[in-house]
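Chemist: Got a structure here, written out as structure tokens. Questions coming.
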Amino acid sequence: MVMCMWMYILETVLYPGLVFTLLGIIFTNWYVRKVKAHMQNRIGPLYTGPFGLLQPIADLIKLFSKEDIVVSGYPARAPAFFLTLAMGSLVALLLMTPIAPYPLQAPYDIYIALYLLVWPTVAIAIAGYLTPSPFTIVGTARVLSLTLAYELGFVLSVLVPVVLASRYLGAEYSLYTTCTRAWMLWTKPLPAILLAISLLTAILSLQCKTMMKPFDIPEAETEIVAGPFTEYSGPKYALILMLHDQELFVGALLLSQLYFGGPIPLINNPLLAAVVTFVEYLAITLVVTWIHASTPRYRVEQALNWFWKYLLPLSALALVVSMVV
Numbered sequence: 185m186v187m188c189m190w191m192y193i194l195e196t197v198l199y200p201g202l203v204f205t206l207l208g209i210i211f212t213n214w215y216v217r218k219v220k221a222h223m224q225n226r227i228g229p230l231y232t233g234p235f236g237l238l239q240p241i242a243d244l245i246k247l248f249s250k251e252d253i254v255v256s257g258y259p260a261r262a263p264a265f266f267l268t269l270a271m272g273s274l275v276a277l278l279l280m281t282p283i284a285p286y287p288l289q290a291p292y293d294i295y296i297a298l299y300l301l302v303w304p305t306v307a308i309a310i311a312g313y314l315t316p317s318p319f320t321i322v323g324t325a326r327v328l329s330l331t332l333a334y335e336l337g338f339v340l341s342v343l344v345p346v347v348l349a350s351r352y353l354g355a356e357y358s359l360y361t362t363c364t365r366a367w368m369l370w371t372k373p374l375p376a377i378l379l380a381i382s383l384l385t386a387i388l389s390l391q392c393k394t395m396m397k398p399f400d401i402p403e404a405e406t407e408i409v410a411g412p413f414t415e416y417s418g419p420k421y422a423l424i425l426m427l428h429d430q431e432l433f434v435g436a437l438l439l440s441q442l443y444f445g446g447p448i449p450l451i452n453n454p455l456l457a458a459v460v461t462f463v464e465y466l467a468i469t470l471v472v473t474w475i476h477a478s479t480p481r482y483r484v485e486q487a488l489n490w491f492w493k494y495l496l497p498l499s500a501l502a503l504v505v506s507m508v509v
């Protein structure tokens, strides 16, 4: 019992907990900047460390050393608390996936996973309202407006492999068990079609969830400076940027494990399994970055129309069919 407790503590602190997540945040920031730069005929991070890999660390050190400006009359510590809580929720989510040596799992734990996935959006909205200004109010209102579309789309998409794995393979609506079994359904024609549709809608919902073009509407710099984050500086702004990269990192890892099994198909060869999982994460992040670098920003009503007319009906249809076939 004591040994198990220590193993869970080590998981939380090291892998796939805080240290692993921090390294993932740094690498994701570098990778997105590098891919985007090449797509725009630029170089991207280059000089700080090998291939510029240490540039995100330098940026974070700079931000954490800056002055933390607090809006008079409003709580100074509450934004950092909620942002840290959101980052912790994503760390907890990784502990429920196959990359964890001792994963937390139980029947129907998918509902806990979905709850943890919502916290970053809640934290961003609270952070925006805790520093009221015309820019932050408008930006936060946009976050909440888009939440009605992309959060629902992401949830419906993620539930498709969970339902299919539970119906066909006895996954019992468990996130971990779904990750270990859903990848087998690619060999069946109808489940494969449903998985492909839900993967597409999940990636597009992740695009909006991480506020990347064409869905960077809440922080449109040419309209509302930085939206909900306009009044933040120094350490709190560093936490906001870290949460953004962590959402993309954890989201890409989650989708790679839900739809392709992550390391499970090659579990007998741990090194190859780790490489394949890493490549899957890179591929999903590449798609999100490619869309981000090659599309203009939507207006709010354009994004909502696009989600409600196309993405949500498609993801809902895939879920309904997966429940009845």
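Counting the sequence shown from 1 gives a position; this note's numbering is that position plus 184. Even glycine gets a Cβ: it sits at the ideal position worked out from N, Cα and C.
1. Can you tell me where the alpha helix (DSSP H) with Glu464 in it begins and where it stops?
2. Is Asp293 helix, strand or coil by DSSP?
3. On the CB-based measure, 16 or more other CB atoms within 10 Å of its CB, does Phe491 come out buried or exposed?
4. Does the separation of the CB atoms of Ala262 and Leu314 fall below 7 Å?
5. Do the CB positions of Ala349 and Ala366 come within less than 7 Å of each other?
6. Residues in its own chain within less than 7 Å of Val183 by CB, not counting five upstream and five downstream?
7. When the Cα of Ile451 is compared with those of Thr205, Ala284, Asn213, Ser249, which residue comes out closest?
8. Any contact between the stretch 220-230 and the stretch 436-451? By contact I mean 3 or more CB pairs, one from each, below 8 Å.
9. For Phe266, which option in Lys420, Val459, Val509 has the closest C-alpha, if you only look at C-alpha atoms?
10. Shortest alpha-carbon distance to Pro497 belongs to which of Thr320, Leu301, Ala333?
11. Short check: CB of Gly511 to CB of Leu390, under 7 Å?
12. For Ala380, count the other beta carbons within 10 Å of its own beta carbon; 16 or more makes it buried, fewer makes it exposed. Which is it?
13. Rounded to whole angstroms, what's the CA-CA distance from Val177 to Thr371? Just pull it up for me.
14. From Tyr231 to Leu501, what does the alpha carbon distance come to, in whole angstroms?
15. Whose CA, out of Leu279, Val509, Glu431, lies closest to the CA of Phe338?
16. Which residue from Glu405, Ser382, Ala386 puts its Cα closest to that of Thr320?
17. Just to confirm the assignment, what range does the alpha helix (DSSP H) spanning Ile448 have?
Modeler: Let me spell this out:
1. Unbroken alpha helix (DSSP H) run through Glu464: 454-478.
2. DSSP places Asp293 in coil when its eight states are reduced to three.
3. With 16 or more Cβ atoms within 10 Å of its Cβ, Phe491 is classed as buried.
4. Yes; because the gap between Cβ atoms is below 7 Å, this pair is in contact.
5. Cβ atoms of Ala349 and Ala366: closer than 7 Å.
6. There is simply no residue 183 to check, as the chain begins at 185 and stops at 509 in what is shown.
7. For the residues Thr205, Ala284, Asn213, Ser249, the minimum Cα distance to Ile451 belongs to Ala284.
8. Contact between the stretch 220-230 and the stretch 436-451 is absent, because fewer than three Cβ pairs lie under 8 Å.
9. Minimum Cα-Cα distance from Phe266 among the listed residues Lys420, Val459, Val509 corresponds to Lys420.
10. Residue Ala333 holds the alpha-carbon nearest to the alpha-carbon of Pro497 among Thr320, Leu301, Ala333.
11. The requested residue 511 is not part of the displayed model; the chain covers only 185 to 509.
12. So Ala380 ends up on the exposed side.
13. Residue 177 lies beyond the stretch modelled for the chain, which goes from 185 to 509, so this question has no answer here.
14. The alpha-carbon atoms of Tyr231 and Leu501 are separated by roughly 48 Å.
15. Ranking Leu279, Val509, Glu431 by Cα distance to Phe338 puts Glu431 first.
16. Of the listed residues, the one whose Cα sits closest to Thr320 is Glu405.
17. Here Ile448 belongs to no alpha helix (DSSP H), and DSSP marks it neither H nor E.
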